[in-house]
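The structure appears right after this line, and notes come after that.
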Amino acid sequence: MFQLTYESRLALLASVLSTSLLAMNLCAAEPATAELPKVVLLGDSIRLSYTDEVTRHLQGRAVVISPSRNGGDSK
Numbered sequence: 003m004f005q006l007t008y009e010s011r012l013a014l015l016a017s018v019l020s021t022s023l024l025a026m027n028l029c030a031a032e033p034a035t036a037e038l039p040k041v042v043l044l045g046d047s048i049r050l051s052y053t054d055e056v057t058r059h060l061q062g063r064a065v066v067i068s069p070s071r072n073g074g075d076s077k
């Protein structure tokens, strides 16, 4: 039967932990500097009714863009 010394077990544990930490960093979410996707709300009834709720729901995941004034006639 193969047995590891105490020092070998510590070295193996350190190797496994460092590899795990590296893997977790590589699989982490995109860095905070990455540009968030943009969501554009159009249509006065939708935009005026849901902008605040959609903005809260998507906070940190997307930038919600909504025109500040009435879109006007579609003609």
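Remember, my numbering sits 2 above the position in the sequence shown when you count from 1. Glycine residues also receive a C-beta, built at the ideal position from the N, C-alpha and C atoms.
Excluding the five sequence neighbours on either side, which residues of its own chain have a C-beta within less than 7 Å of the C-beta of V42, listed in chain order?
-> Here the set comprises I67.
Contacting residues, own chain, Cβ-Cβ under 8 Å from A64 (five flanking each side not counted) | Answer for A64: L38, P39, K40 and V41, listed in chain order.
Between G62, Y8 and T53, which lies nearest to S70 when the distance is taken from Cα to Cα?
-> Considering only alpha carbons, the answer is T53.
Taking buried to mean at least 16 other C-beta atoms within 10 Å of its own C-beta, is R49 buried or exposed?
-> Per the 10 Å Cβ criterion, buried.
Sort out for me which residues DSSP pairs V42 with in a bridge.
-> I67.
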